[in-house]
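Input: a single structure, listed below in C-alpha cells.
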Amino acid sequence: MKLTQETTQVIVFSKRFADSQGGRMISTEPVLAAIAAVDSPAKEILSRNGVTMESICELISADDMVIEAPVNDYEIEESLRMLRLETKRLFNDAADISRRVGMQGVIAPEHLLFVLANSRAMTANALLIKAGADINGIIDDLGSEFNSRGARGDLGGSFNEAGPELGGPSGRNSKRDKNKKNGKKTLDEFGKNLTQRAAEGKIDPVIGREEEINRVMQILARRTKNNPCLVGDPGVGKTAIAEGLALKIANGDVPDILQGKSVYSIDMGSMVAGSKYRGDFEERIKNVLTEATSDPNIILFIDEIHTLIGAGGGEGSLDAANIMKPMLTKNELQIIGATTMDEYSKYIEKDSALERRFQKVIVDEPSTSEAIQILKGLRPKYEDHHKIRITDDAIEQAVMLSARYVSDRFLPDKAIDLIDEAAARKRINFADDNEKRKIEARLKEIEEEKTKAAEALEFEKAASLKQEACKLEDRLSGIKEKTAPDAEGFTGTLTVDDIADVLSKWSGIPVAKITESDAERLKGLEDELKKRVIGQDEAVTAIAKAIRRSRLGLKDPTKPSGSFIFLGTTGVGKTELAKALAEVMFGDENALVRIDMSEYMEKHDVSKLIGSPPGYVGYDEGGQLTEKVRRHPYSVVLFDEIEKAHPEIFNSMLQVLDDGRLTDGKGRVVDFKNTIIIMTSNIGARMLTSAAGRKIGFASASDEHDEDEASREGLYGGKSYSEAKDVVIDELKKAFSPEFINRVDEIIFFRMLGRDSLIKIVDLLTASVGKRVSDIGIEIELTEEAKELLAKEGYDPQYGARPLRRVIQSMVEDSLSEAILDGVVSSGNIAKVDVEDGQIVIRNGGPVTVTADDNKETEPA
Numbered sequence: 004m005k006l007t008q009e010t011t012q013v014i015v016f017s018k019r020f021a022d023s024q025g026g027r028m029i030s031t032e033p034v035l036a037a038i039a040a041v042d043s044p045a046k047e048i049l050s051r052n053g054v055t056m057e058s059i060c061e062l063i064s065a066d067d068m069v070i071e072a073p074v075n076d077y078e079i080e081e082s083l084r085m086l087r088l089e090t091k092r093l094f095n096d097a098a099d100i101s102r103r104v105g106m107q108g109v110i111a112p113e114h115l116l117f118v119l120a121n122s123r124a125m126t127a128n129a130l131l132i133k134a135g136a137d138i139n140g141i142i143d144d145l146g147s148e149f150n151s152r153g154a155r156g157d158l159g160g161s162f163n164e165a166g167p168e169l170g171g172p173s174g175r176n177s178k179r180d181k182n183k184k185n186g187k188k189t190l191d192e193f194g195k196n197l198t199q200r201a202a203e204g205k206i207d208p209v210i211g212r213e214e215e216i217n218r219v220m221q222i223l224a225r226r227t228k229n230n231p232c233l234v235g236d237p238g239v240g241k242t243a244i245a246e247g248l249a250l251k252i253a254n255g256d257v258p259d260i261l262q263g264k265s266v267y268s269i270d271m272g273s274m275v276a277g278s279k280y281r282g283d284f285e286e287r288i289k290n291v292l293t294e295a296t297s298d299p300n301i302i303l304f305i306d307e308i309h310t311l312i313g314a315g316g317g318e319g320s321l322d323a324a325n326i327m328k329p330m331l332t333k334n335e336l337q338i339i340g341a342t343t344m345d346e347y348s349k350y351i352e353k354d355s356a357l358e359r360r361f362q363k364v365i366v367d368e369p370s371t372s373e374a375i376q377i378l379k380g381l382r383p384k385y386e387d388h389h390k391i392r393i394t395d396d397a398i399e400q401a402v403m404l405s406a407r408y409v410s411d412r413f414l415p416d417k418a419i420d421l422i423d424e425a426a427a428r429k430r431i432n433f434a435d436d437n438e439k440r441k442i443e444a445r446l447k448e449i450e451e452e453k454t455k456a457a458e459a460l461e462f463e464k465a466a467s468l469k470q471e472a473c474k475l476e477d478r479l480s481g482i483k484e485k486t487a488p489d490a491e492g493f494t495g496t497l498t499v500d501d502i503a504d505v506l507s508k509w510s511g512i513p514v515a516k517i518t519e520s521d522a523e524r525l526k527g528l529e530d531e532l533k534k535r536v537i538g539q540d541e542a543v544t545a546i547a548k549a550i551r552r553s554r555l556g557l558k559d560p561t562k563p564s565g566s567f568i569f570l571g572t573t574g575v576g577k578t579e580l581a582k583a584l585a586e587v588m589f590g591d592e593n594a595l596v597r598i599d600m601s602e603y604m605e606k607h608d609v610s611k612l613i614g615s616p617p618g619y620v621g622y623d624e625g626g627q628l629t630e631k632v633r634r635h636p637y638s639v640v641l642f643d644e645i646e647k648a649h650p651e652i653f654n655s656m657l658q659v660l661d662d663g664r665l666t667d668g669k670g671r672v673v674d675f676k677n678t679i680i681i682m683t684s685n686i687g688a689r690m691l692t693s694a695a696g697r698k699i700g701f702a703s704a705s706d707e708h709d710e711d712e713a714s715r716e717g718l719y720g721g722k723s724y725s726e727a728k729d730v731v732i733d734e735l736k737k738a739f740s741p742e743f744i745n746r747v748d749e750i751i752f753f754r755m756l757g758r759d760s761l762i763k764i765v766d767l768l769t770a771s772v773g774k775r776v777s778d779i780g781i782e783i784e785l786t787e788e789a790k791e792l793l794a795k796e797g798y799d800p801q802y803g804a805r806p807l808r809r810v811i812q813s814m815v816e817d818s819l820s821e822a823i824l825d826g827v828v829s830s831g832n833i834a835k836v837d838v839e840d841g842q843i844v845i846r847n848g849g850p851v852t853v854t855a856d857d858n859k860e861t862e863p864a
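Just remember that our numbering sits 3 ahead of the position in the sequence shown, which is counted from 1.
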C-alpha cells in the first residue's frame with residue numbers, strides 16, 4: 004500500500020485516537036477526524052464545508068486528537084495492522100480512486116475523503132451528515148481539486164461528475180441510469196463482441212463444421228431451452244464454432260430469427276479477477292446478465308462454462324450458475340457454452356437443473372481429410388503472417404504426422420501448431436542471419452584495413468583485402484538472394500522436411516523415422532525385423548505378410564492392423580519381436596503398450612483394463628489399457644502370458660479384435676484400428692521342454708551340419724516341428740473359447756533356437772558390448788571357439804536365450820574389465836576374446852586398424 008506523508012500521519016493519528024478511546028482497532032470515524040486534523044487539501048475542503056476536527060470529536064464525545072508527537076516507522080506498521088475490515092476497504096477503494104486520477108495508487112487524504120463522502124455504507128459517512136457537512140459541496144470541491152491537477156479518469160468526463168457514479172448523495176440511485184446511458188458497459192469490459200470482430204476481419208475463417216454450426220443455429224431458433232452447449236475434447240474447434248456463427252451473422256448468412264444478433268464472448272477469468280470483497284463478483288455477473296437480457300439481440304458465449312459452477316459462491320451467497328438459472332428458465336437470456344466431455348460430466352451433468360436448460364452439441368475430432376481441408380482454409384492467414392509459402396504436401400504431412408506421433412492432443416489444433424511453429428522456425432532462419440551479420444561486420448573491417456593499407460602504400464595487402472571482400476560480397480548476395488522475398492512477398496517455402504524437423508523436436512523420434520513412408524517401411528519390414536529377431540524367419544514372414552495386407556487396404560478397415568498369438572517356449576524371441584515391430588512400424592520401441600496378464604487373474608480385474616465404473620474407487624484414473632491406447636493410438640499392444648489371465652477378461656477383448664474399438668469405464672470409445680495386437684503364451688511349453696531338457700548342448704556331429712536344426716525332433720520332446728506346433732495349438736484351443744481364437748489373424752508358433760541361431764545372438768549381444776567399449780578406444784573381436792563356448796554355456800531349452808545375456812556379462816565383460824585393469828589391453832588395442840582350457844580369455848590383438856568406415860555407425864546384424 005502506497006501512502007503520502009499526510010496519509011501516514013492520518014493513519015497514525017487515527018491509531019492514537021482509537022487508543023485514547025480504549026479501543027484497539029481503527030474504524031473509519033477516527034480516520035475522518037484525522038483527515039480534518041492533518042494539514043492537506045482535504046482538511047481545507049472539510050473546513051469550507053463546515054467540518055472540523057473539533058466538531059467531529061464533539062459528536063463522538065471524545066477528546067481532541069493528539070497530533071503534536073512525531074510519527075515513527077514502528078507506529079506506521081502497528082497502525083496498518085490495526086485496521087478494521089471497513090477501514091481496509093476504505094483504503095483499497097481510495098487506492099483505486101488514486102489510480103483512476105493518475106496517481107498510480109498512491110493514497111492521499113483527498114482520496115480517502117472522496118470514498119467516505121460517496122459511500123453511504125461507511126459509518127464515517129453518517130458522521131459527516133450528522134456534522135451538517137455539505138456532502139455535494141465536498142464532492143464538487145474534491146472534483147475541482149483533482150481537475151486542477153490535470154486528472155482525467157474513468158469516473159466521468161471530469162471528477163465533478165464522479166459523485167453520481169459512485170453513489171454520492173447528489174445521485175446515489177443514478178448508477179443504474181448511467182449504465183443504461185452507457186448501454187453495454189459491463190459487457191464491453193468483460194467480453195468481446197465476436198460479431199463486430201468478424202465484420203472487421205479480425206477472426207480467422209472457419210472451415211468445415213457446417214453441421215455443428217447449423218445445429219447451434221437450430222437450437223438458438225427454438226422457443227424454449229434455446230441454449231446450446233458445445234462439448235468436445237480440447238483443440239477440436241469448439242471456440243471456432245462460436246466464431247463461425249459470428250462470421251455467418253456478420254455476413255448475413257443466417258435465418259431471419261438470428262439476423263442482427265451479436266455474439267459476446269465472456270472472459271470469466273477477468274470477471275473473477277479483482278473481486279476482492281463479497282458481492283463484487285455477483286454484482287459483475289448480474290450486470291452482465293442484466294445488460295444481456297435488456298437487449299434480445301445479445302447471445303453470450305461462455306468458454307469453459309463449467310467454471311460457472313461455484314464461481315463467486317461463498318457462505319450464504321449464490322454462485323454464477325444459480326444466478327443464471329432463473330433467466331434461462333424464463334427464456335430471457337441466450338447462452339452458448341463450451342466445455343470438455345470430462346468437465347461436462349463432472350460439473351454440468353451433476354447439476355440436473357442446469358443441464359436441462361442446455362442442449363448438448365457433441366463436437367468430435369475431425370478426420371484427417373477434414374483437418375487437411377481446415378488447414379488449407381487457414382493457409383492464407385499463416386502465409387501472410389510468416390511470409391512463407393505453405394505447400395499442400397506440408398499441410399497433408401502436418402496432419403498425418405501429428406495424428407500419428409502427437410497422441411495427447413487433438414486435430415486440428417495439433418496440426419495447426421505444427422504448421423505455425425515450423426513456419427516460424429523457417430522464417431527466423433538463425434544460421435543465415437548470423438552468417439549475414441558476420442559477413443557484414445567483416446566487410447566493414449576490410450574497408451578500414453584497405454584504407455590504412457593504401458595510406459601506407461601497402462598495395463599487395465590492399466589487393467588481397469579486395470579479393471577477400473569480393474568473395475564475401477558474393478556469399479552475402481547469395482544469402483540475400485536466398486532469403487529475399489519473391490514477387491508474392493514470400494521469403495521461402497515450407498516443406499515436409501521442415502514439418503518433420505519440428506515434430507522430431509516435439510517427440511524425440513529421429514527425423515529419418517518420421518519421413519520414412521509406409522511403403523518403405525513395409526518393403527523392408529522383414530529385413531529390419533530379422534536384424535533383431537534371430538532364428539524365427541517363419542514368424543517374421545507371417546507377421547510381415549499380415550501387416551502388409553492391412554496397411555495396403557486389403558483387410559477390413561474396422562479391425563486392428565493385425566492381431567497375433569505368439570506361442571513357444573520362453574526365451575525364443577516372442578517379446579523381442581513385439582519390441583522390434585513397434586520400433587520398425589511406429590518409429591520408437593516405446594510405442595509398445597505392454598500388459599502383463601498375470602495381474603488379471605481375477606474376474607473383477609477387467610476394471611483395471613478399461614477403468615472402474617462410476618461410483619467405484621479409481622473411476623477418475625481410467626483403465627491401464629484404454630488410457631495408454633487413447634494416448635498412443637499408433638502402437639503395438641502386447642498382452643504377455645495370456646494363459647494366466649481369468650477367462651472372463653477375454654470377453655472384453657472380442658470387440659477389440661472384431662471392431663477395433665473398446666468402450667472404457669467413462670463411456671469413451673477408444674480406437675484400436677491403428678494398433679497391432681500381439682498376445683504371447685507359453686501354453687504347451689512344458690510338454691516340449693521336459694524331454695528336450697535331457698539334450699543340452701550340441702553333441703551330435705550330424706546336427707552341427709543340419710541347416711534347419713530348429714526342426715530337430717530332439718528339441719521338441721521327440722516330435723517334429725509341425726507335430727509340436729499342432730500339439731501346442733490344440734492346447735491353446737482347449738484353454739480359450741472358439742469365438743476368441745476365431746478373431747485372431749495369425750497363430751504363430753516360434754521355433755526353439757539351435758546352434759546357428761545362438762551364435763548369431765552371441766554376435767548381436769557382443770556387438771552392443773563392443774559399441775560401449777569403443778568409447779574408450781577398444782575394439783572387440785571374438786574367435787569362433789569363443790562364440791561356440793558362449794552359445795553352449797548360455798543356452799538351456801527350458802529358458803531359451805535369456806541366460807545368454809548373463810553369460811556374456813560374467814564371461815566376457817568381467818574378463819574384459821580385468822584385462823583393462825591389468826594392462827593387457829588399452830585404448831587403441833583390439834581385445835581378442837578367445838578360449839583356453841575351456842575358459843574365456845582376453846588377449847591383446849594388436850592395434851586397432853583405421854579404415855575409412857571407422858567413423859560410420861553400423862547397426863549389428
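Glycine included, C-beta positions come from ideal geometry on N, C-alpha and C.
The structure displayed is predicted, hence computed values, not measured ones.
Short check: CB of GLY238 to CB of ARG412, under 9 Å? As a working note, residue 238 is residue 235 in the sequence shown. As a working note, residue 412 is residue 409 in the sequence shown. ARG412 is positioned such that its CB atom lies closer than 9 Å to that of GLY238.
Whether or not the stretch 767-777 and the stretch 502-509 are in contact is what I'm after, with contact meaning three or more pairs of Cβ atoms, one per stretch, closer than 8 Å; do they touch? The stretch 502-509 is not in contact with the stretch 767-777.
Which whole runs of the beta strand (DSSP E) in the stretch 204-249 are 3 residues long or more, in chain order? Those beta strand (DSSP E) runs which fall completely within the stretch 204-249 and span 3+ residues are 231-234.
For ARG84, the nearest candidate out of ARG123, ALA406 and ILE29 (CA to CA): Against the sequence shown, residue 84 aligns to sequence position 81. Among ARG123, ALA406 and ILE29, the Cα nearest to that of ARG84 belongs to ILE29.
From the DSSP output, which residues share a beta bridge with LYS195? As a position in the sequence shown, residue 195 is number 192, starting the count at 1. Under the DSSP definition of a beta bridge, LYS195 partners with SER268.
Less than 8 Å between C-beta atoms, sequence neighbours within five positions excluded: which residues of the same chain meet that for SER740? Position 737 of the sequence shown, counted from the start, is the residue given in the question as residue 740. So the qualifying residues of the chain are PRO650 and PHE653.
Strictly by DSSP, which residues pair up with ASN832? As a position in the sequence shown, residue 832 is number 829, starting the count at 1. According to DSSP, which records beta bridges pairwise, ASN832 is partnered with PRO850.
Please check the pair LEU62 and LEU119, which I expect to be a contact at CB under 8 Å, by giving their CB distance rounded to whole angstroms. In the sequence shown, residue 62 corresponds to position 59, counting from 1. In the sequence shown, residue 119 corresponds to position 116, counting from 1. The C-beta separation of LEU62 from LEU119 comes to about 15 Å, leaving the pair out of contact by the 8 Å criterion.
For GLU749, report the span of its beta strand (DSSP E) as first-last. In the sequence shown, the residue the question calls residue 749 occupies position 746. If you look at GLU749, you'll find it in the beta strand (DSSP E) that goes 749-752.
On a CA-only basis, which of VAL109, ALA136, VAL104 and ILE110 is nearest SER147? Give me that one, please. Stepping through the sequence shown from its first residue, residue 147 is reached at position 144. Comparing Cα positions, the closest option is VAL104.
Could you tell me the alpha carbon to alpha carbon distance between THR786 and GLN812, rounded to whole angstroms? Position 783 of the sequence shown, counting from 1, holds the residue named residue 786. Position 809 of the sequence shown, counting from 1, holds the residue named residue 812. Note on geometry: alpha-carbon atoms of THR786 and GLN812 lie some 17 Å from one another.
Assign ALA434 to one of two classes, buried (16 or more other C-beta atoms within 10 Å of its C-beta) or exposed (fewer than that). Indexing the sequence shown from 1 puts residue 434 at position 431. Bear in mind that the predicted position of ALA434 carries a pLDDT of just 49, short of 50, making it unreliable; the figure below should be weighed with that in mind. Residue burial is scored here from C-beta neighbours: ALA434 has fewer than 16 other C-beta atoms within 10 angstroms and is therefore classed as exposed.
Locate the beta strand (DSSP E) running through LYS577, then write down its first and last residues. Indexing the sequence shown from 1 puts residue 577 at position 574. No beta strand (DSSP E) holds LYS577; the alpha helix (DSSP H) holding it covers 577-589.
Compare the beta carbon distance of MET344 and LEU336 with 9 Å and say whether it is the shorter of the two. As a first step, residue 344 is located in the sequence shown; it is residue number 341 there, counting from the start. As a first step, residue 336 is located in the sequence shown; it is residue number 333 there, counting from the start. Against a cut-off of 9 Å, the Cβ pair of LEU336 and MET344 comes out as no contact.
Member of LYS558, SER553, GLU579 and THR498 whose CA lies at the smallest distance from the CA of ILE537: Mapped onto the sequence shown, residue 537 falls at position 534. Ranking LYS558, SER553, GLU579 and THR498 by Cα distance to ILE537 puts GLU579 first.
Using a Cβ-Cβ cutoff of less than 7 Å, which residues in the same chain neighbour MET274 once the five nearest sequence positions on both sides are dropped? In the sequence shown, the residue the question calls residue 274 occupies position 271. Excluding the 5 residues flanking it on each side, MET274 has same chain C-beta neighbours closer than 7 Å at PHE193, PHE284, ARG287 and ILE288, in chain order.
Can we say the stretch 745-761 touches the stretch 543-553, given the rule of at least three CB pairs closer than 8 Å? The answer is yes - the stretch 543-553 touches the stretch 745-761, with three or more Cβ pairs under 8 Å.
Rounded straight-line distance, which links the Cα of ILE252 to that of GLY263: Indexing the sequence shown from 1 puts residue 263 at position 260. Indexing the sequence shown from 1 puts residue 252 at position 249. If I take the Cα positions, the gap works out to 7 Å.
Compute the Euclidean distance between the alpha carbons of HIS389 and ARG428, then round it to the nearest angstrom. Residue mapping note: residue 389 aligns to position 386 of the sequence shown, counting from 1. Residue mapping note: residue 428 aligns to position 425 of the sequence shown, counting from 1. Here the alpha carbon of HIS389 sits roughly 10 Å from the alpha carbon of ARG428.
Every unbroken alpha helix (DSSP H) inside the stretch 91-129 [4 residues or more]: Entirely contained in the stretch 91-129, the alpha helix (DSSP H) runs reaching 4 residues are, in chain order, 112-121.
Identity of the residue in THR55, GLU78 and PRO563 nearest GLY663 by Cα: Here residue 663 refers to the residue found at position 660 of the sequence shown. Nearest neighbour of GLY663 by Cα position, chosen from THR55, GLU78 and PRO563, turns out to be PRO563.
Identify, in the order they occur along the chain, each residue of the same chain with its Cβ nearer than 7 Å to the Cβ of PRO172, setting aside the five sequence neighbours on each side. Position 169 of the sequence shown holds residue 172. Residue confidence for PRO172 is low, a pLDDT of 36 falling below 50, so the modelled location carries little weight; the figure read from the coordinates is stated next. Only ILE138 and ASN139 meet the Cβ criterion.
Whose CA, out of LEU303, PRO258 and ARG445, lies closest to the CA of ALA472? Indexing the sequence shown from 1 puts residue 472 at position 469. Of the candidates LEU303, PRO258 and ARG445, the one whose C-alpha sits nearest the C-alpha of ALA472 is ARG445.
Please confirm if the stretch 538-545 is in contact with the stretch 444-461, defined as three or more CB-CB distances below 8 Å between the two stretches. Contact between the stretch 538-545 and the stretch 444-461 is not established, with fewer than three Cβ pairs separated by less than 8 Å.
How close, in whole Å, do the beta carbons of HIS309 and THR342 come, if the pair is a contact with beta carbons under 8 Å? Residue 309 sits at position 306 when you count from the first residue of the sequence shown. Residue 342 sits at position 339 when you count from the first residue of the sequence shown. Contact flag correct, Cβ pair sits at about 5 Å.
Do LEU612 and GLY626 have their CB atoms nearer than 9 Å? Translated into positions along the sequence shown, residue 612 becomes position 609. Translated into positions along the sequence shown, residue 626 becomes position 623. GLY626 sits close to LEU612, with the two beta carbons spaced by under 9 Å.
Buried or exposed, going by whether 16 or more other CB atoms sit within 10 Å of the CB of PRO850? One-based indexing of the sequence shown puts residue 850 at position 847. Around the beta carbon of PRO850, a 10 Å sphere encloses fewer than 16 other beta carbons of the protein chains shown; the residue is thus reported as exposed.
Hey, out of ILE823, ALA134 and SER265, whose CA is closest to LYS780's CA? Looking up residue 780 in the sequence shown gives position 777. The residue asked about is misnamed: residue 780 is Gly in this sequence, not Lys. Residue ILE823 holds the alpha-carbon nearest to the alpha-carbon of GLY780 among ILE823, ALA134 and SER265.
Simplified DSSP assignment, three categories, for THR666: Taking the first residue of the sequence shown as position 1, residue 666 is located at position 663. Per DSSP, reduced to three states, the secondary structure at THR666 is strand.
Nearest to ALA727 by alpha carbon, out of ILE686, GLU742, SER101 and VAL672? On the sequence shown, position 724 is the one that residue 727 refers to. ALA727 has its Cα closest to that of ILE686, out of ILE686, GLU742, SER101 and VAL672.
What first and last residue would you give for the alpha helix (DSSP H) that runs through VAL730? Within the sequence shown, the letter at position 727 stands for residue 730. For VAL730, the enclosing alpha helix (DSSP H) stretches over residues 724-738.
Taking the straight line between their C-alpha atoms, what separation do you get for ILE833 and ASP667? Position 830 of the sequence shown holds residue 833. Position 664 of the sequence shown holds residue 667. Cα to Cα, ILE833 sits roughly 57 Å from ASP667.
Mind checking GLU821: buried by the 16 CB within 10 Å criterion, or exposed? Counted from its first residue, the sequence shown places residue 821 at position 818. Exposed, by the Cβ-count rule.
Express the C-alpha separation of SER101 and GLN107 in angstroms, rounding to a whole number. Translated into the one-based positions of the sequence shown, residue 107 becomes position 104. Translated into the one-based positions of the sequence shown, residue 101 becomes position 98. Each residue's Cα considered, the two are about 6 Å apart.
Where do the ends of the alpha helix (DSSP H) carrying PHE149 lie? Here the question's residue 149 lines up with position 146 in the sequence shown. In the DSSP assignment, PHE149 falls within the unbroken alpha helix (DSSP H) covering 138-151.
Between the CA atoms of ILE391 and ASP477 - distance to the nearest angstrom: Counting from one through the sequence shown, the residue named residue 477 turns up at place 474. Counting from one through the sequence shown, the residue named residue 391 turns up at place 388. Cα to Cα, ASP477 sits roughly 25 Å from ILE391.
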